[in-house]
Amino acid sequence: MAGKVKIQPASRVGLDPLVDMAEQLRTALPGWQDTTPVPGRQRVLSDIAHDLRHLAHHDGDGFLTVSLGDEVMGFGAAYVRSRHLIISQPWIDPEVEEPKVLDVLLRRMLAFGERAGVSETSAHLLGGAADHAAFLRFGFRPRFPIYRLSLTGEQARLAGQELAKLHPGRELTEEGLQRRAGSADLERLDRLARGFVRPMDHEYWLAVRGLRLATVREGQRIAAYAYGGPGQCGPMAAATPEAALAGLGWALQFAAAEGTSPVTLLVPATFESALEHLLDAGAACIAVSTWMTRQPGAVLERYVLAAPTLA
């Protein structure tokens, strides 16, 4: 396909066709076939649809499309939290023959981060060798795998109950959420586990996604937080290894509460104790993705990702 490669804000194209593209391309990846949207008028928005809408609202300057001529061939979403740029999996039509289209898109997303004054840059790649090659050309290095695990609702519930016993914890009440009780603790744990704060994402998980939130204590101190709900297990962030396992327990129970669907979650290879407990509980490892960074940074050994797009 001939034509000039153009990069422009996603707002000029509209979000729905981009969501459809991402959903279709993701289901073609090994281990993601179960994410195929269910057609119909009562279609439930997927995690990727929710997350892209959130990023388009808060990080529009980093949400860019790539076109050849007048046809949109893909897009990428990059977002800044504190001084950290995170790039989610870019979605490019696999039939594009123009070489290094992804390079052009990636260069613009990195420029967005530079204008924001970021000091660290990370990426979560679901794609294969060609995507890795593009990121390697821009100084990214693979740091560790992210495993996508799947459990039945019952497996998740039982494993969650056992892990949650490791430390005392509680679910935040509606009143507590409205008062934003514990928001300072969430910010502290984000800094410890991720190296940045993300208040707009917490607001989104609670107000838009309607996820449940629990905190775990070690002594008098909040040592972990955990989110979960239908279709999502995580994020979970913790200050200590045992608190991380207890937080994982709460996230699993929240995700399994309805008991009708498998529970899937994204666990970094560095969170070794979680992988051991989940595999012992009967989890299947159904996909693997890669965490890449340009600088050594947080190793996510006490963290469970929220989702593939909004990590």
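The opening position of the sequence shown corresponds to residue 412 in the working numbering, with each subsequent residue numbered one higher. We treat Cβ as the ideally placed atom computed from N, Cα and C, and that holds for glycine.
In the displayed model, Val619 falls within a helix according to three-state DSSP. Looking at the DSSP output, Thr438 shares a beta bridge with no other residue. DSSP places Leu496 inside the beta strand (DSSP E), whose first and last residues are 495-498. In this structure, Val515 sits away from Thr476, with a CB-CB distance that is not shorter than 8 Å.
Between Gly639 and Arg623 the beta-carbon gap is near 6 Å, inside 8 Å, which marks them as a contact. If you look at Leu475, you'll find it in the beta strand (DSSP E) that goes 474-479. Runs of beta strand (DSSP E) with 3 or more residues, each lying fully within the region 484-561, are found at 495-498, 531-536, listed in chain order.
DSSP, read as helix, strand or coil, puts Val455 in coil. In this structure Leu440 is not in contact with Leu560, their Cβ atoms being roughly 16 Å apart against a cut-off of 8 Å. Ser478 and Trp502 have their alpha carbons spaced roughly 12 Å apart. Between the alpha carbons of Ala544 and Ala668 lies a distance of about 41 Å.
Boundaries for Ala668: no alpha helix (DSSP H) harbours it, and the DSSP string shows neither H nor E there. Nearest to Glu683 by C-alpha distance, out of Pro610, Ala718, Glu653, is Glu653.
Residue state for Val710 is assigned as coil, using DSSP reduced to three classes. In the structure shown, Gly642 falls within a coil segment according to DSSP collapsed to helix, strand and coil. The alpha carbon of Ala527 has as its nearest neighbour, out of Ala540, Ile497, Gly539, Ala618, the alpha carbon of Ile497. Around the beta-carbon of Thr438, fewer than 16 other beta-carbon atoms lie within 10 Å, marking it exposed.
Taking C-alpha positions only, Gly487 is separated from Gly630 by approximately 43 Å. A contact is defined here as three or more CB-CB pairs under 8 Å, and the region 706-715 meets this definition with respect to the region 596-610. In this structure Gly564 is in contact with Thr671, their Cβ atoms being roughly 7 Å apart against a cut-off of 8 Å.
Here Asp691 is exposed, its C-beta having fewer than 16 other C-beta atoms within 10 Å. For Pro610, no beta strand (DSSP E) encloses it; the enclosing alpha helix (DSSP H) starts and ends at 610-614. About 12 Å separates the beta carbons of Ala625 and Ala634, which is beyond the 8 Å limit, so they are not a contact pair. Burial is judged here by how many other beta carbons sit within 10 angstroms of a residue's own beta carbon; Pro707 has fewer than 16 and is exposed.
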